[in-house]
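Okay, structure first, notes after.
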Amino acid sequence: MDYQKDFLLSQIKQFTEAVQFAINGKNDEEKVLIELNQISELYLDNSILNLLSNSLDDNIKDFKKGNNAVELIQITAELFYQTAIIEKKSSHQQQIFKKSLELFEYLQNNSDVFSFEIDDKITEMRNFQKQ
1 MDYQKDFLLS QIKQFTEAVQ FAINGKNDEE KVLIELNQIS ELYLDNSILN LLSNSLDDNI
61 KDFKKGNNAV ELIQITAELF YQTAIIEKKS SHQQQIFKKS LELFEYLQNN SDVFSFEIDD
121 KITEMRNFQK Q
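Quick note on my numbering: the sequence shown kicks off at 1 and runs consecutively.
Next up, the structure:
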């Protein structure tokens, strides 16, 4: 069991590193979004657009079909968060932040996952929505 948890934590770390590599120092919004979509396909077997078009309940139901739902939800929430930061169209950006916020709040309320980083992102997105 510890081996599986270590593997999943390693996958989340690799995912985070891949996302950071995709966005660091790049000014071409479209290229970064393409790279994030490729990362989404690699880690989630689904495109960002498909995941964004699904409801919160549908995404969570799909993730719960496997053994690592919490990790998949966390990866998706982070992917949405990074996509929203890059997305410059404010109405679309707000919608993506909302989806990310919903997933992070779900994690916070329904799992034993606690992270100051997640808590900070939730606060940031709530403040963004108030603007």
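Glycine included, C-beta positions come from ideal geometry on N, C-alpha and C.
What you are looking at is a predicted structure, and each value in this text was computed from that prediction instead of being measured.
About 5 angstroms separates the beta carbons of Lys99 and Phe80, which is inside the 8 angstroms limit, making them a contact pair.
For the options Ile75, Asn127, Gln93, the alpha carbon positioned closest to that of Phe104 is the one of Ile75. Nearest neighbour of Val70 by Cα position, chosen from Ile86, Ser47, Asn37, Ser111, turns out to be Ser111.
Taking 4 residues as the minimum length, the alpha helix (DSSP H) runs contained wholly in the region 50–106 are 56–63, 69–86, in order along the chain. Shown here, Phe128 sits in a helix according to DSSP, grouped into three states. With a 10 Å radius around the Cβ and a threshold of 16 neighbouring Cβ atoms, Gln131 comes out exposed. When secondary structure is reduced to three states using DSSP, Asp28 falls in the coil class, being assigned neither helix nor strand. Non-local C-beta neighbours of Glu41 in its own chain, meaning closer than 8 angstroms and more than five positions away in sequence, comprise Ser47, ordered along the chain. Asn109 sits in a helix when the DSSP states are folded into three classes.
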